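Here is the structure we will look at, set down as structure tokens.
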Amino acid sequence: MPLGVEASLLIRPGAAGVLVGHPFDTVKVRLQVQNVDKPLYRGTYHCFQSIARQESMLGLYKGIGSPMMGLTFINAIVFGVQGNAMRKLGRDTPLNQFLAGAAAGTIQCVICCPMELAKTRMQLQGTGEKKSKRKLYKNSLDCLVRIYNKEGIRGINRGMVTTLLREAPGFGVYFLAYDMWTRYLGCEPEDPYMIPKLLFAGGMSGIASWISTYPVDVIKSRLQADGVGGVHQYSGIKDCVRQSLKKEGWRVFTRGLTSTLLRAFPVNATTFATVTLFLMYMREGEECSIQDPEAQSVQLQPLQPQTQPTSM
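Numbering of the sequence shown is given in the UniProt record's numbering, commencing with residue 1 and proceeding in unit increments.
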């Protein structure tokens, strides 16, 4: 199947995943970066409640423009790189699934890092205000333009190293976990429970991916949020880790994890199941169309889908 078609398959479920999951992401970011000396939120539920009450329900959707804009590009990059990597590696093994996923995660950082920088800055803008008295950024694009004008290329790529450290192993675990779960559960087309199995496999893959890289995500969020008020608190990754550990201990690396996992399972479950079913249907149709008439009675073997949603 052409890359453009495969990438387009994820746009609708991917967009739906962003719409459903973005409020959880906003809560995650707020909890990750809040000042431990003067915390605004006591936990996940209190953060949801506070944002909805103080900033309206729209406050939970701050910064959604950035992931929506980057969705198509990231899907195209992930599918192209992952598909080509699997073809180059040849054999469909657990190690190759991980390596292909890691390659895809690495390349898409070019889009992911600036996208998440804008998202994070927008999510933190006007904290606790229903109508911001002074909006620094009009929207996600304006945010990137302003950062670029002030700090150049280095500014819009703030947090690139931590993004890479999160995305490469995260996508590797993602592809590997989904492949292993679908094989273990026996997700065959004739299985009457195939859809529930795909949903479970996708959801568990999302959880596995986030748990494996979540501490890095905390540091990434803090680095990308640093300097919002004009004051830079961290000089780099090591300094951020050192200061965070000194002030908050090891629990700092679990801040916002509950919100993340609540978002990860349903979003990845529905996206994985939708894409897998569609790809299996399309590929089965392609095989049928090129078969010899005398061979059309031969049963088609289901292809192991090599897909991954961008919204983990």
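Idealized CB from N, CA, C, for every residue including glycine. Since the model is a prediction, treat every value here as computed from it, not as a measurement.
Checklist entry - Skipping 5 residues on each side, what residues in its chain have a beta carbon closer than 6 Å to that of SER259? => result PHE24, VAL27, LYS28, THR44
Checklist entry - Taking just the CA atoms, how far does ILE156 sit from ILE147? => result 6 Å
Item to check | Sequence-distant residues of the same chain with beta carbon closer than 6 Å to CYS187, five excluded per side | outcome: MET194, LYS197, LEU198
Next on the checklist: Quick check: the Cα distance between PHE265 and THR271, rounded to an integer number of angstroms?
Outcome noted: 10 Å
Checklist entry - What's the gap between the Cα of GLY170 and the Cα of TYR137? => result 30 Å
Checklist entry - In terms of residues, what are the limits of the alpha helix (DSSP H) holding VAL216? => result 194 to 225
Item to check | C-alpha gap between THR274 and ALA225, whole angstroms | outcome: 34 Å
Checklist entry - What do you get for TRP210, buried or exposed, if any count of 16 or more other CB atoms within 10 angstroms of its CB means buried? => result buried
Checklist entry - Among the residues of its own chain, which have a CB less than 8 Å from the CB of SER50, if the five just before and after it don't count? => result LEU40, TYR41, GLY128
Checklist entry - Between GLN82 and ALA102, is the Cβ-Cβ spacing less than 7 Å? => result no
Item to check | Three-state class that DSSP yields for ARG53 in the structure shown | outcome: helix
Item to check | Whole-number beta carbon distance between LEU117 and GLY159, since they are thought to touch under 8 Å | outcome: 6 Å
Next on the checklist: So, at 7 Å on beta carbons, what are the nonlocal neighbours of LEU19 in its own chain, with the 5 sequence-adjacent residues on each side left out?
Outcome noted: none
Next on the checklist: Measuring straight from C-alpha to C-alpha, what distance separates VAL33 and LEU176?
Outcome noted: 30 Å
Checklist entry - Smallest Cα separation from ARG121: which of PHE98, ASP92, LYS220? => result LYS220
Next on the checklist: Distance check for CYS47 and SER244, CA to CA, integer angstroms please.
Outcome noted: 21 Å
Checklist entry - So is ARG154 buried or exposed if we call it buried at 16+ other beta carbons inside 10 Å? => result exposed
Item to check | As assigned by DSSP and simplified to three states, the class of GLN306 | outcome: Confidence at GLN306 is low in this model, with a pLDDT of 40, below 50, so its placement is unreliable and no value can be given for it.
Checklist entry - Measuring CB to CB, does VAL216 end up less than 7 Å from THR162? => result yes
Checklist entry - Is GLY202 near ASN149, with beta carbons less than 7 Å apart? => result no
Next on the checklist: Taking the alpha-carbon of GLY256 as reference, which of HIS22, LEU31, GLY17 has the nearest alpha-carbon?
Outcome noted: LEU31
Next on the checklist: Could you check whether LEU144 and SER114 sit closer than 7 Å to each other, using their CB atoms as the reference points?
Outcome noted: Looking at the sequence provided, one finds Pro at residue 114 rather than Ser. Against a cut-off of 7 Å, the Cβ pair of LEU144 and PRO114 comes out as a contact.
Item to check | Length-filtered (4 minimum) alpha helix (DSSP H) runs lying within the region 97 to 157 | outcome: 109 to 124, 140 to 156
Item to check | 7 Å CB neighbourhood of LEU261 in its chain, flanking five on each side removed | outcome: ILE207, TRP210
Checklist entry - Considering only residues of the same chain and omitting the five flanking positions on each side of ALA52, which have a CB-CB separation below 8 Å? => result GLY59, LEU60
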